[in-house]
Amino acid sequence: MTACMAGRFMASSQTALLLLGLFGLAASASLAENDRKVVVCYYGSWAVYRPGAGKFDVEDIDPFICTHIIYGFAGLSSYKGVMTSLDPWNDLYDNYGKVSMIYYRLYEDGWDFDWEYPALRGGGANDKNFSMHYWIEKGAPAEKLVMGMPLYGRAFTLDHDDEDGLYAPATQPGIAGPYTRERGFIGYNEICDQMKANPSAWKTTRDPYYMAPYTVNERQWIGYDDMESIKVKAQYVAKMGLKGAMVWSIETDDFHGGCHGQKFPLMHAIWDGLNGGDVPTPPDTPPTDATPDSNSTYPTKPTTTKRPTTAHPTPPPNDICKKEGLNPDPKDCGYFYLCTPDKFAAVAMVNTEEMVVSCYYASWAVYRPGAGKFDVEDIDPFICTHIIYAFAGLSDSKGVMVSLDPWNDLYDNYGKGAYMRFTKLKKKNPALKTLLSIGGWNEGSAKYSQMVATYTGRNLFLKNAVKFLKKYGFDGLDFDWEFPGLRGGNTEDKENFAQFLEEMRLLFDQYGLMMTAAVSAGKLTIDISYDVPALGKYLDLINVMCYDYHGSFEPYTGHNDPLFRGPDDKGDNAYLNTNFSIHYWIEKGAPREKLVMGIPLYGRTFTLDHEDQAGLYAPAHQPGEPGPFTRAPGLLGYNEICYQMKTSPSAWETTRDPFCQAPYAVNGRQWVGYDDVESVKTKAAFAANLRLKGVMVWSIETDDFHGVCHSRKFPLMTAIWNGLKVQSFSKVEEPSYQTKSSQAKPQRGVFKEGTFGFCGSHPRFMSLNISFLVGRVMASSQIALLLLALVGLGAAASVATKEQKVVVCYYGSWAVYRPGAGKFNVEDIDPFICTHIIYGFAGLSSYKGVMTSLDPWNDLYDNYGKGAFERFTKLKAKNPSLKALLAIGGWNEGSAKYSQMVASQEGRNTFLINAVEFLKKYGFDGLDFDWEYPGLRGGGPNDKNAKTGYLDHIHVMCYDYHGAWDPFTGQNAPLYWGPGDKGDYAYFNTNFSMHYWMEQGAPKEKLVMGIPLYGRSFTLSHEDQDGLYATATQPGIAGPYTREAGFIGFNEVTN
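Here is the structure:
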């Protein structure tokens, strides 16, 4: 059998070739005796990084539940052609990392060769019965075949509530599980946990042909194996005389035993099946030895491995992969890149989980007649990532946000309450973002121009807007001002709008609100209306309205949204196409990762002057006839267009223009330029190819939401998603003016998820979200924020000038309780030895959200206390230039209550007002904020919002790089990288930390480098191994004063 044939059919069974002869171990490492069944278990080693109850380490493997265990994966070094660890920190002991490849050290039986797949990534058949027979037919001995079984399921989000069987439409993956965290994939442990927690919510069906269940909860659909189905498959193995069963992968079984009162229930079911029992047969099926035509092809996707999700670099960060292995993302410490030098280019493929699909909802669609009526409940909450309610307005008299249709929008006065019904869609899809759009064409421009013109007007609007959005549950505001500087605006609008957005950003960040804007796609309007870099800086998303390029406001026909410039586009019309608009926004300074490309779900219509002139730029001085639902001359929703074409197909003549990349259709003198399933898919692919943030549609209610034309609801929205995630991505290129072909030219070397092309030379990237490593890397950059300006003491508490160096000394106030010569009180501080002294620590009251003493007896004079706060600040009497600060936080204070405090304006105000009083009361010169750490240890995703420009000092804690939490020795505060520092440990040194802070934008004149006056100690595992990275699984003995194992003060070391 050729390698190509082997590759084609390995997909159907994930058979691994145990190359035991690789090390001359064929005899000693024999698989098993011929009459003994094998149960081969793969172990996905990255399961060690899964959160909570999903974490699965080597020691969690039951060594008696499998006959063979296989560690997944090692890799192949491209430049050396030899085996290499893909995760040295996890896999190896020797000077490379933390956890050993224990399975290999214990067993050393051989290697499993998992090449996916020789010659291609292609398919075999869809069912195991065919697959196993075909392998036997092709010559594989049954006594060596091991049949794969998954201990996970595949999940889908159904397109329609009423279609939930097999082959039901489902264009989106299922929601990610809490442990595996990959949409469309869910471990059996996650499935059974969900069913046990809420059994009535799941409807389970056991298919008689597949011999396995699938289950449905509203729109979530999962096909999986349970104990019964896995036992049936094991019985099938026994009946077929196969060598045994293989599972992918052991860590997704219910290894805690939470669902069945028994650990590894699926593995036990496999053994039960191998030990006997009749194999059930499906009803009315051909004999099991029937083999399909060997010339048939069976396209399948490999399902036996769970890969880390491939991320989309924008653009590929070539400066990150400075070494092979894991490298941290400099912009997000929660992400790492697994870098392998490769002669092939990594594919910059869009991860659709991160793409935005924003859908505007025109709320007046509720008033449309008949089948055109569209209410909030008609919105599919899974078809968009963001939905935007259009529109709110601006009060002429007060300059604040108001409802434009109170009866529909609000519950007041027996209204319909559409605002709150709209935001409650998040209950069905918690990942959905709901925004409110203010403005629109009919609102005009003049009153918005007036509002942004003064600080008073902006401030009044913004404060009211926050209350308005919070009241109705919106996640943010979309600003659709059409257009600054035009339609009654003034020349200062561009500058005032930028200032407005800056102030909006500052306020909205305090409340965790999103900011987006709908902006023009026209060059002339862009030039007049927008400070593009400012919009890019302050907005979360920039929705470019790439439509209405042409319409019945012109005396000739033109397409609503041409993708490219056509040969007849002369003068300013050369700018009226999506390709130009998006590139112009980018050229003006808009970041691609914030640009969202608009796609219309409607067409623009014309009444031709002459039936025999029906192409583009044909004379047409009248709008087209209104549709039955939208009832607006010159405009037709796609639902109206497709219905007319379906009911009278012969009446319409359709042309697909190669430059517009979209159709126009003519019926008599009625002319419409619109988008269909093919064109919106092309445009979505175009947006993905440009590495934009995503696409936006105006508007969802003009899609074929009843599914009249395509037997599927929302066909255009479905096509957009398909365009964003095409399997073999085709680059949408502008056609030459000589061609009439509209076929897109394929882009060389671009495929989906992990397949690599042959055109380039930069490293390969895979993004890994590794929660444990976050803390380890952040150990090199733990920040104390010195907020001296907090108390308004900018002059009195001024930091040293650039010519003056600072020496900042923390004081651990609990040192007063140390025994003997280790006791250290406030009066033991030399007030001339430091420029700044910081008292550690005050805390945060959990229930009041204000500063509080953590040790009142020591800190305060109240109730006969020792008054250390005031004694500390009185050290300034000895040295008037000394600055005395109070630190709040520290490790033991945790993160959650600080996250809660900063999350709201009220919480922040309460804390800040109290903090000023607190600091003034005890004579401190400022506050040191030692929150360890925003976004971690119980914090929230919106915690990260500090700007270094606000701080007087940034204290970088350049210590605790290594300690007794590691299984080897390591220096507490290495200055430089050492030759033994492999993997992520290459970053664990002061030199890297300080340069990285500067690289990220921290000013040198504010950076204060930490130096520890203590050491980290270890107890060696072996006396004869005592260098750096020597094995040490226990902390060192505690010192006599600090009395903490693994930690020792310099005074204890020298003594």
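In this text, residue positions in the sequence shown follow the numbering used here: the first is 39, and each later residue adds one. We treat Cβ as the ideally placed atom computed from N, Cα and C, and that holds for glycine.
Beta-carbon proximity check, residue i vs residue j, cutoff 7 Å
i            : j            : result
residue 912  : residue 869  : no
residue 257  : residue 195  : yes
residue 999  : residue 969  : no
residue 1057 : residue 1077 : no
residue 856  : residue 730  : no
residue 639  : residue 735  : yes
residue 965  : residue 924  : yes
residue 952  : residue 1046 : no
residue 992  : residue 1044 : yes
residue 290  : residue 203  : no
residue 574  : residue 514  : no
residue 518  : residue 567  : no
residue 212  : residue 222  : yes
residue 458  : residue 503  : no
residue 393  : residue 728  : no
residue 725  : residue 715  : no
residue 637  : residue 710  : no
Simplified DSSP assignment, three categories, for residue i
i            : result
residue 615  : coil
residue 655  : coil
residue 486  : helix
residue 196  : coil
residue 942  : coil
residue 608  : coil
residue 494  : helix
residue 465  : helix
residue 722  : helix
residue 545  : helix
residue 124  : coil
residue 424  : strand
residue 668  : coil
residue 1096 : Lying outside 39 to 1093, the shown extent of the chain, residue 1096 is not represented and no answer is given.
residue 259  : strand
residue 242  : strand
residue 777  : Bear in mind that a pLDDT of 35 at residue 777, under 50, signals an unreliable position, so the number given afterwards is only what the model happens to contain. Residue 777: coil per DSSP, three-state reduction.
residue 1003 : coil
residue 403  : helix
residue 429  : strand
residue 1035 : helix
residue 459  : helix
Nearest candidate by alpha-carbon position, reference residue i, set the options
i            : options                 : result
residue 673  : 309, 713 and 687        : 713
residue 268  : 240, 282 and 305        : 305
residue 972  : 516, 929 and 943        : 929
residue 421  : 438, 209, 260 and 547   : 209
residue 1020 : 89, 102 and 128         : 128
residue 309  : 850, 272, 948 and 540   : 272
residue 880  : 862, 653, 178 and 851   : 851
residue 415  : 231, 423, 455 and 300   : 455
residue 1001 : 1052, 960, 1040 and 696 : 1052
residue 300  : 237, 693, 227 and 259   : 227
residue 284  : 683, 189 and 234        : 189
residue 111  : 287, 676, 601 and 461   : 287
ask   = Does the segment 661 to 669 come within contact of the segment 614 to 625, defined as at least 3 CB pairs closer than 8 Å?
value = no
task = Could you tell me whether the segment 523 to 531 touches the segment 477 to 493, using the rule of 3 or more Cβ pairs below 8 Å?
result = yes
task = Report yes or no: do the segment 442 to 451 and the segment 697 to 717 share at least 3 C-beta pairs separated by less than 8 Å?
result = no
message = Give the list of continuous alpha helix (DSSP H) stretches no shorter than 4 residues that lie fully inside the segment 876 to 925.
response = The alpha helix (DSSP H) runs lying completely inside the segment 876 to 925 and spanning 4 residues or more are 894 to 897 and 906 to 911, given in chain order.
query = Counting Cβ pairs closer than 8 Å, one from the segment 551 to 560 and one from the segment 577 to 591, do we hit at least three?
reply = yes
ask   = Using 8 Å as the threshold, is the segment 247 to 262 in touch with the segment 73 to 87, meaning 3 or more CB pairs across them?
value = No, the segment 247 to 262 is not in contact with the segment 73 to 87.
query = Any contact of the segment 277 to 287 with the segment 180 to 192, i.e. 3+ C-beta pairs under 8 Å?
reply = yes
query = Below 8 Å, can you find three or more Cβ-Cβ pairs linking the segment 1002 to 1015 to the segment 1024 to 1032?
reply = yes
task = Taking 8 Å as the threshold, find out whether the segment 532 to 542 comes into contact with the segment 486 to 497 through three or more Cβ pairs.
result = yes
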